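Novice:
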Amino acid sequence: MSGRIAALVLALLLAGCAGLGAKPAPTARPLVILVSIDGFRPDYLDRGLTPVLSGIAADGATGPMRPSFPSVTFPNHYTLVTGLHPDHHGVVGNTMVDAELGRFTMRTPEAVTDRRWWDQGEPIWVTAEKAGLVTATMFWPGSEADIGGVRPTHWRPFDQAVSSEARVDQVLAWLDLPVGERPDLTTLYFDIVDTAGHQNGPAAAETGEAVRAVDAAVGRLVEGLKARGLYDRTVLVVVSDHGMAATSPTRVTVLDELIDPDAVQIVYGGAVSFLNPAPGREAEVEAALLGARPHLDCWRKADIPARFVLGSNPRVPAIVCLSETGWLLATRARPITREGGAHGYDNTAPDMAALFIAHGPGVLPGRRLTDLDSVDVQPFLGRLLRIPVPATDGDPDDTLPATRR
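Oh and the sequence shown: position 21 is 231 in the numbering used here, straight run, nothing missing.
Written out as C-alpha cells, the structure reads:
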C-alpha cells in the first residue's frame with residue numbers, strides 16, 4: 211500500500227471513530243408565528259385565490275378545526291391561546307355581563323384592557339414570558355391587558371385602520387431586533403376576511419377579494435422571512451377562529467313574535483343570542499322561549515347541551531338561544547334588511563369550521579389532520595416552543611401526527 215493510500219485509510223478510520231463518539235448538535239428552538247385570519251373558512255383554500263396559503267398547507271400539516279362554542283371572535287381567539295373552552299377561560303362572548311365588572315364589549319377600550327376579564331385563563335404569551343422567552347402580539351384579543359401582571363414584550367393596541375401590509379411590516383420589524391429582543395413567539399391578526407364575509411356573505415366576490423388580499427399579506431410575511439434568512443427556522447401556524455354562514459332577511463326569527471322584547475335584556479343577539487329576563491318576568495320568558503321551535507333552540511344555562519361546554523361560568527346569561535345555521539334572531543327595532551354572513555352557530559356545523567395550517571421545522575409535510583379542536587392549538591404551541599404549559603382542555607395528542615417525533 212502506498213504511503214498516500216495508507217494515510218487516506220487512516221484518516222477515514224479516525225474520522226469514523228470520532229463520529230462514533232460525537233453527539234448531534236442540539237436543534238435550535240424555532241421561531242413561532244401564530245397567524246389568525248378571522249372568519250376564514252377552510253374551503254376558501256379551494257377557490258383558486260390563495261397560492262401562498264395553499265402552498266404552505268400542501269407542504270405542511272392542515273385540516274379543518276372545530277371552534278369552541280359560541281363560534282365568535284373573542285371567545286375563540288382566547289381559546290386558541292389558552293387551550294380552554296370559553297366556559298373555562300371566562301370570555302364567553304364578544305359581549306358579556308359580569309355581576310361585578312359590568313358590561314364587556316369588544317369595542318370598549320376600558321373593558322378590553324382590564325385584566326379581570328381575562329384572568330381566568332393564561333394565554334401562551336404569558337406562559338412564554340414566564341419561561342424567559344420574548345413575545346410579541348400584533349393584535350390579539352387579550353393582549354392589551356397585563357394578564358397576571360404580564361404583558362408581551364412587544365405589543366400594539368388594536369387599530370382596525372392599520373392595513374394588513376403594515377401589520378406584517380411591524381412583525382418583520384420586531385424580527386429585525388437583535389437576539390434577546392427579537393420575539394420567539396409572535397401573533398399576527400387579520401380581520402378583512404371576516405369583515406367582508408359579514409357584509410357580503412361567504413360566497414360573494416368581495417369576500418373572495420379579501421381572501422386574495424390576505425393571502426398576499428401572508429406572502430409578504432413569507433418573503434420577508436426569506437429575505438432575513440429566517441424562513442427555514444420559523445414555524446408558521448395559520449388559524450382562524452370560526453367560519454362563516456350565509457344569511458338572508460328571509461331567514462329570521464323575530465323575537466317580538468315570541469315575547470315582548472321588554473321582557474328580556476338582550477346581551478348579545480344574532481346567530482347565538484344571550485338573554486336575561488327582566489326582573490319579575492322570568493317565568494314569562496321561560497314559558498315563551500324554552501324548548502325547540504323551527505329554526506331556534508333556547509335553553510336555561512344549566513340545560514345547555516353538554517357538547518357545547520357552556521353554562522357553568524357566571525358570565526353565561528340565564529338563557530341562551532341558538533339559531534339554525536343560516537338563520538338569525540332579531541327584533542323589529544333592529545331588523546335584518548340585507549343578505550350577508552354570520553357566525554356563532556353550532557360549532558360542529560360545517561360552515562363554522564375553522565382553518566388550521568402548520569408549516570416549518572419539526573412539522574411533517576403533507577399531513578392531513580382529521581379531529582382537531584381549537585383547544586388543541588395552545589399545547590401545540592407549547593411543544594413547538596419547548597416550554598411547559600398549564601394543563602388545559604386541549605389534547606396534545608391531537609396534533610402529534612403533524613410533528614416529527
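Don't be surprised by glycine CBs; every beta carbon is placed ideally from N, CA and C. Predicted model only: the values in this text are computed from it and were never measured.
If you count every other CB in all the chains shown that lies within 10 Å of the CB of G390, and 16 or more means buried, which is it?
Specialist: exposed
Novice: Return the first residue and the last residue of the alpha helix (DSSP H) that T260 is part of.
Specialist: Looking at the DSSP string, T260 is not in any alpha helix (DSSP H), and its letter there is neither H nor E.
Novice: May I ask you to report which of helix, strand or coil DSSP gives Y281?
Specialist: In the sequence on display, residue 281 carries Ser and not Tyr. Assigned with DSSP and collapsed to three states, S281 falls in coil, not helix or strand.
Novice: As a quick exercise: from N523, G554, E494 and A423, pick the residue whose alpha carbon is nearest that of G479.
Specialist: G554
Novice: If we count the other Cβ atoms within 10 Å of its Cβ and call it buried at 16 or more, is T345 buried or exposed?
Specialist: buried
Novice: In angstroms, rounded to a whole number, what distance separates the CA positions of N557 and V432?
Specialist: 31 Å
Novice: According to the neighbour-count rule (16 or more other Cβ atoms, all chains shown, within 10 Å of its Cβ), is R251 buried or exposed?
Specialist: buried
Novice: Determine contact between the stretch 579-595 and the stretch 269-278, defined as no fewer than three beta-carbon pairs at a distance below 8 Å.
Specialist: yes
Novice: Can you list, in chain order, the residues of its chain whose CB lies under 6 Å from that of S264, leaving out five sequence neighbours each side?
Specialist: L255
Novice: Under 7 Å between the Cβ atoms of V242 and L594?
Specialist: Going by C-beta atoms, V242 is nearer than 7 Å to L594.
Novice: Just the C-alpha distance for A552 and V449, rounded to the nearest angstrom, thanks.
Specialist: 18 Å
Novice: Could you say which of P611, F279, F368 and R596 lies nearest to K340 if we only look at CA atoms?
Specialist: R596
Novice: Rank L440, V421 and G550 by C-alpha distance to the C-alpha of N410 and give the top, closest one.
Specialist: G550
Novice: Compute the Euclidean distance between the alpha carbons of P362 and L499, then round it to the nearest angstrom.
Specialist: 44 Å
Novice: When the Cα atoms are used, what is the spatial distance from W537 to A426?
Specialist: 33 Å
Novice: Do three or more CB pairs link the stretch 279-297 to the stretch 597-605 at distances below 8 Å?
Specialist: yes
Novice: Within a Cβ cutoff of 8 Å, which residues of the same chain sit near L582, ignoring the five residues on either side of it in sequence?
Specialist: So the list reads G273, P274, M275, R276, F566, D608 and T609, once near-sequence residues are dropped.
Novice: Going by C-alpha distance, which of D297, N286, A414 and E310 is nearest M562?
Specialist: It is N286 whose Cα lies nearest to the Cα of M562.
Novice: Excluding five sequence neighbours on each side, which residues of the same chain lie with their C-beta closer than 6 Å to the C-beta of H299?
Specialist: Once the five neighbours on either side are set aside, the close Cβ partners of H299 are Y288, T292, Q330 and G331.
Novice: To which residues of the same chain is D466 closer than 7 Å at the C-beta, ignoring the five residues directly before and after it?
Specialist: T541 and R542
Novice: Taking buried to mean at least 16 other C-beta atoms within 10 Å of its own C-beta, is E375 buried or exposed?
Specialist: Its Cβ having fewer than 16 others within 10 Å, E375 is exposed.
Novice: With distances taken between CB atoms, is the gap from F518 to G303 smaller than 7 Å?
Specialist: no
Novice: Give me, in chain order, the residues of the same chain whose beta-carbon lies closer than 6 Å to that of T397; leave out the 5 immediate sequence neighbours on both sides.
Specialist: L244, T347 and W350
Novice: Looking only at its chain, what residues have a beta carbon closer than 7 Å to the beta carbon of A338, apart from the 5 residues adjacent to it on each side?
Specialist: T345, D394, L395, L595 and I597
Novice: Just the C-alpha distance for V447 and F368, rounded to the nearest angstrom, thanks.
Specialist: 21 Å
Novice: Kindly indicate the opening and closing residues of the beta strand (DSSP E) around I440.
Specialist: The question names Ile, but residue 440 is Leu in the sequence shown. Segment: none, L440 is in no beta strand (DSSP E) and carries neither H nor E.
Novice: Quick check: what's the CA-CA separation for G439 versus F314?
Specialist: 43 Å
Novice: If we ignore side chains and look at the alpha-carbon of each, how far apart do P632 and D253 end up?
Specialist: For residue 632 there is no data in the structure shown, the boundaries of the chain being 211 and 615.
Novice: Does the beta-carbon distance from G429 to V262 come in below 7 Å?
Specialist: For G429 and V262, yes; Cβs fall inside 7 Å.
Novice: Three-state secondary structure (DSSP) at P234?
Specialist: Confidence at P234 is low in this model, with a pLDDT of 34, below 50, so the placement of that residue should be treated as unreliable; the coordinate-derived value is given next. It is coil, neither helix nor strand.
Novice: For my contact list, Q370 and D401 are in at a C-beta cut-off of 8 Å; report their separation, rounded to the angstrom.
Specialist: 7 Å
Novice: What whole-angstrom Cβ distance do H569 and D269 have, given they're in contact under 8 Å?
Specialist: Your pair H569 and D269 checks out as a contact, with CB atoms roughly 6 Å apart and the cut at 8 Å.
Novice: What separation, rounded to the nearest whole angstrom, lies between the Cα atoms of R257 and D324?
Specialist: 40 Å
Novice: Closer than 8 Å by C-beta to R239: which residues in its own chain qualify, once you throw out the five before and the five after it? Chain order, please.
Specialist: Closer than 8 Å at Cβ, skipping near neighbours: D394, L595 and R596.
Novice: With DSSP run on the structure shown, which of helix, strand or coil describes S353?
Specialist: coil
Novice: For a quick check, are the C-beta atoms of L259 and R422 less than 7 Å apart?
Specialist: yes
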